[in-house]
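*Asks:* Below is one structure. I have some questions about it.
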Amino acid sequence: MNILIMGTGYVGVTTALVFAELGWNVTGLDTDSRKIQTLSEGKLTFYEPGLEDLLIKHLKTGNIHFTSSPEKAIQENHIIFLCVGTPSDADGNADLQFIHEVAKSIGKHMDGYKLIAVKSTVPIGTNGKLVRWIREAQSLPHPFDVVSNPEFLREGSALQDALNPDRIIIGSDSTHAVDIIKNLYNPLQSPFFVTTPKTAEMIKYASNAFLATKISYMNELSRLCETIEVNISDVAVGMGMDDRIGPKFLKAGIGFGGSCFPKDIKALLHTAKDYGSELSILDKVIQVNQTQSSHFLNKWEHKLGSFSDKKVAILGISFKPNTDDLREAPSIAIIQELLQKQAFIRVHDPIAKLPTGLLSDRLQQFDTLEKTLHRCDAVILCSEWEEYRSADWTQMRTYMNQYFVFDGRNILDGVQLTKLGYHYHGIANQ
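Residue numbers for the sequence shown follow the working numbering, beginning at 453 and rising by one.
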């Protein structure tokens with residue numbers, strides 16, 4: 453079966469490689485010819501563990517190839533997955549510009565029946581718009597089906613998630629289309645849930661919003677725990693032992709980021725507003741997340757005395773480990789606030805790089821921990837990379853001027869670091 457993936461970003465490439473791994477013939481389509489060239493050479497345009505090896509493997513097997521020619525790609529492939537971006541507008545709504553463009557391209561070039569499956573995260577009701585846009589672009593009335601098939605990938609473990617999905621959601625009113633999608637995924641032996649297109653679209657938003665709500669709940673609770681000297685990590689363990697709650701997404705920290713949670717909550721709030729409904733809990737989720745890093749940064753400044761003219765090491769700038777994604781990363785907000793406080797900032801991350809335009813005499817990035825910590829007064833840990841957890845903190849201390857460690861992810865052993873002579877402070881982890 454021939455599958456076309458429209459959009460070769462994070463979701464598109466992961467989806468394409470998983471289908472190639474399942475034995476299907478896959479074409480990746482993108483208007484960015486440089487990206488197509490890079491992928492055709494076996495190189496990713498982003499960092500994700502395991503994907504580049506799979507890309508090289510299936511370029512060799514011939515199960516995957518890439519093109520920037522839409523007409524041929526659309527006509528030669530029976531099934532089309534839409535994996536283009538839906539960034540936030542200024543008002544928080546999802547921008548459907550790229551979805552609209554690919555819909556017009558499909559309608560213009562299709563020469564027979566097509567099944568269009570939407571992987572992109574889109575507002576509720578977008579499938580109906582897609583049907584209209586494709587029909588408006590057709591020169592001849594070729595038949596087609598549009599299916600909602602949302603993705604649930606976690607950056608840093610996308611390949612594992614894609615090959616071992618918890619569930620596969622199919623939103624469609626067409627039995628024929630549902631059967632085709634099931635056949636594609638059958639080798640994965642994952643449970644299917646078939647529903648309407650609108651419900652499938654809502655499941656995606658509702659899932660991400662709920663997970664973000666768990667995080668913000670624990671982050672806000674950590675502020676109280678900090679005040680009353682209760683260890684939030686122990687609270688999380690005790691809560692997570694309850695089967696009704698579960699242990700995942702209960703870890704307090706300096707806030708969530710990435711390309712999904714912030715964007716999707718804003719889009720869901722915008723949809724609710726359009727329909728005259730209120731989602732006040734999600735309003736609070738956003739508010740807590742936007743203030744969490746600043747809340748603890750102010751507490752940490754009190755411990756240090758002042759950040760003014762102090763050298764501060766930021767460890768981990770990606771929004772989570774095993775990715776180079778800086779979108780909505782709490783580290784960026786912390787860096788900006790530290791610059792306002794006139795600190796000198798020295799940054800390290802195993803993979804992610806700050807844009808060169810941000811660098812200055814007060815903000816520098818280094819490739820080793822030794823260089824990063826040189827003469828620093830404080831360390832702020834922003835991403836829970838294993839490299840920082842397993843670092844030789846006895847040795848790290850010899851590089852520093854003062855020995856303050858502010859653990860924004862509660863991944864270090866505070867008791868051990870205190871014994872080593874550090875002034876250790878985490879997120880409500882007395």
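Using N, Cα and C, we set each Cβ at its ideal position, and we do this for glycine too.
(1) Rounded to whole angstroms, what's the CA-CA distance from E836 to E603? Just pull it up for me.
(2) Taking the beta strand (DSSP E) that G623 falls in, what are its first and last residues?
(3) Which of the three DSSP states is assigned to Q641 in this structure?
(4) I need the DSSP call for F471, collapsed to helix, strand or coil.
(5) Run the CB neighbour count on V574, radius 10 Å, all protein chains shown included, and call it buried at 16 or more, exposed below.
(6) What is the DSSP secondary structure of R486, counted as helix, strand or coil?
(7) Going by DSSP in three states, M654 sits in which element: helix, strand or coil?
(8) Give me the DSSP bridge partner(s) of Q816.
(9) Can you have a look at K772 and say buried or exposed, based on whether 16 or more other CB atoms are within 10 angstroms of its CB?
(10) Answer with buried or exposed for I733, where buried requires no fewer than 16 other C-beta atoms within 10 angstroms of its C-beta.
(11) Go through its chain and collect everything with a Cβ distance to C677's Cβ below 6 Å, but skip five positions before and after it.
(12) Using the Cβ count rule (16 or more neighbours within 10 Å means buried), how would you classify P714?
(13) Are C535 and G623 close, meaning C-beta to C-beta below 7 Å?
(14) Would I633 pass as a contact of V599 if the rule is Cβ separation under 7 Å?
(15) Just confirm the distance between the C-beta atoms of S782 and G707, as a whole number of angstroms; I'd bet it's less than 8 Å.
(16) So with Cβ pairs under 7 Å, would you call G461 a contact of chain B?
(17) Does the pairing of the stretch 604-612 with the stretch 758-778 give three or more beta-carbon distances under 8 Å?
(18) Going by beta-carbon coordinates alone, are H800 and T824 separated by less than 7 Å?
(19) Assuming L756 and D829 form a contact by the criterion Cβ under 8 Å, report the distance between their Cβ atoms to the nearest whole angstrom.
(20) How long is the line joining the alpha carbons of K566 and R587, rounded to whole angstroms?
(21) From which residue to which residue does the beta strand (DSSP E) around F518 run?
(22) Tell me whether K509 sits in a helix, a strand or coil according to DSSP, three-state version.
(23) How about H826 and Y851: do their beta carbons lie closer than 7 Å?
(24) Can we count M458 as close to the ligand FAD, meaning its CB is less than 6 Å from some heavy atom?
(25) For T824, report the span of its alpha helix (DSSP H) as first-last.
(26) Taking a contact to mean a Cβ-Cβ separation below 7 Å, would you say N545 touches H754 in this structure?
(27) Could you tell me which residues DSSP pairs with Q858 in its beta bridges?
(28) Please report how far the alpha carbon of G475 lies from the alpha carbon of N515, in whole angstroms.
(29) How would you label E822, buried or exposed, when you count the other beta carbons within 10 angstroms and need 16 or more for buried?
(30) Looking at the strands, I want to know which residues DSSP matches up with K566.
(31) Terminal residues of the continuous beta strand (DSSP E) containing K763?
(32) Ignore the nearest five residues each way along the sequence and tell me which others in N579's own chain have a CB closer than 6 Å to its CB.
(33) Decide if the stretch 667-682 is in contact with the stretch 697-711; the criterion is three or more beta carbon pairs, one per stretch, under 8 Å apart.
(34) I believe S885 touches E780 by the beta-carbon criterion, under 8 Å. Please report the beta-carbon distance rounded to the nearest angstrom.
(35) Output the distance between the C-alpha atoms of Q868 and A765, rounded to the nearest integer angstrom.
(36) In terms of DSSP beta bridges, what is V885 paired with?
*Replies:* Based on what the coordinates show:
(1) Pairing E836 with E603, the inter-Cα distance amounts to about 24 Å.
(2) Counting along the chain, G623 sits inside the beta strand (DSSP E) bounded by residues 620-623.
(3) The DSSP-derived three-state label of Q641 is coil.
(4) Of the three classes helix, strand and coil, the one that applies to F471 here is helix, per DSSP.
(5) With 16 or more Cβ atoms within 10 Å of its Cβ, V574 is classed as buried.
(6) Three-state DSSP puts R486 in a helix.
(7) Looking at M654 - three-state DSSP - the assignment turns out to be helix.
(8) DSSP, once it has assigned bridges, lists R798 as partnering Q816.
(9) Buried, since its Cβ has 16 or more Cβ neighbours within 10 Å.
(10) Around the C-beta of I733, fewer than 16 other C-beta atoms lie within 10 Å, and the residue is accordingly described as exposed.
(11) Cβ neighbours of C677 beyond the five flanking positions: I684, A880.
(12) Classification of P714: buried, given that the 10 Å Cβ count is 16 or more.
(13) No, these two residues do not count as a Cβ contact at 7 Å.
(14) Yes; because the gap between Cβ atoms is below 7 Å, this pair is in contact.
(15) At residue 782 the sequence reads Pro, which differs from the Ser that was named. Contact flag correct, Cβ pair sits at about 4 Å.
(16) Of the protein chains in the structure, only one exists, and it is not chain B.
(17) Short answer: they touch.
(18) Yes, they are a contact pair.
(19) With a Cβ gap of about 7 Å, L756 and D829 count as contacting.
(20) If I take the Cα positions, the gap works out to 12 Å.
(21) 516-519 is the span of the beta strand (DSSP E), which, as asked, contains F518.
(22) Three-state DSSP puts K509 in a helix.
(23) The beta carbons of H826 and Y851 sit closer together than 7 Å.
(24) Inclusion of the ligand FAD in the displayed structure is not the case, the ligand content being empty and no account of it being possible.
(25) Per DSSP, T824 is one residue of the alpha helix (DSSP H) stretching across 821-825.
(26) Not closer than 7 Å, so no.
(27) In the sequence on display, residue 858 carries Phe and not Gln. The partner list for F858 (beta bridge, DSSP) reads I832, H877.
(28) If I take the Cα positions, the gap works out to 7 Å.
(29) E822 should be labelled exposed.
(30) K566 is bridged to F596.
(31) Segment 763-767, the beta strand (DSSP E) holding K763.
(32) Within the same chain, and ignoring the five residues on either side of N579 in sequence, the residues whose Cβ sits closer than 6 Å to its Cβ are V598, S600, P649.
(33) These segments touch.
(34) Within the shown structure, residues of the chain are numbered from 453 to 882, placing residue 885 beyond reach of any answer.
(35) Using only the alpha carbons, I get a separation of about 20 Å.
(36) Outside the modelled stretch of the chain, which goes from 453 to 882, sits residue 885, for which no answer is possible.
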